[in-house]
Amino acid sequence: MTGREPHSAEERSLRKTRVAAAKTALRDSSQLSGPHVPVARAALKEYLRRLNEPRQPSDAAFRDMLSAPFAQPRRRP
Numbered sequence: 179m180t181g182r183e184p185h186s187a188e189e190r191s192l193r194k195t196r197v198a199a200a201k202t203a204l205r206d207s208s209q210l211s212g213p214h215v216p217v218a219r220a221a222l223k224e225y226l227r228r229l230n231e232p233r234q235p236s237d238a239a240f241r242d243m244l245s246a247p248f249a250q251p252r253r254r255p
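Per the numbering used here, the very first residue in the sequence shown carries number 179; after that it's consecutive.
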């Protein structure tokens, strides 16, 4: 065994959908400002870099990553 199992059609479809969503979020957030935006964009870029690793974020965590650049930062008390 080579250590790399071929991805099923369902997995490939999910990966393509996630990559497209991450790229769209990066493109749409490129002109945003705020202290949370660079960190959120870095998380999306890191996700794209590590796309072929076996451990991927859950659907809920991925949705949070996509919405993070557009969320209002929390105020500190």
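Backbone N, C-alpha and C define an ideal beta-carbon position, used for all residues, glycine too.
| message | Spatial neighbours of Ala203 within its chain, please: C-beta separation below 7 Å, excluding the five flanking residues on both sides. | response | Taken in chain order, the residues that qualify are Leu222, Leu244 and Pro247.
| request: Identify, in the order they occur along the chain, each residue of the same chain with its Cβ nearer than 8 Å to the Cβ of Lys201, setting aside the five sequence neighbours on each side. | output: Taking C-beta separations shorter than 8 Å and ignoring five residues to either side along the sequence, the partners of Lys201 in its chain run Leu226, following chain order.
| Counted within 10 angstroms of its Cβ, other Cβ atoms place Arg241 as buried (16 or more) or exposed | When all chains shown are included, Arg241 counts as exposed.
| said: For Arg219, which residues in the same chain have their Cβ closer than 7 Å to its Cβ, ignoring the five residues on either side in sequence? | reply: Answer for Arg219: Leu204, Ser207 and Pro247, listed in chain order.
| message | If the criterion is Cβ atoms closer than 9 Å, does the pair Pro213 and Pro251 meet it? | response | Cβ atoms of Pro213 and Pro251: closer than 9 Å.
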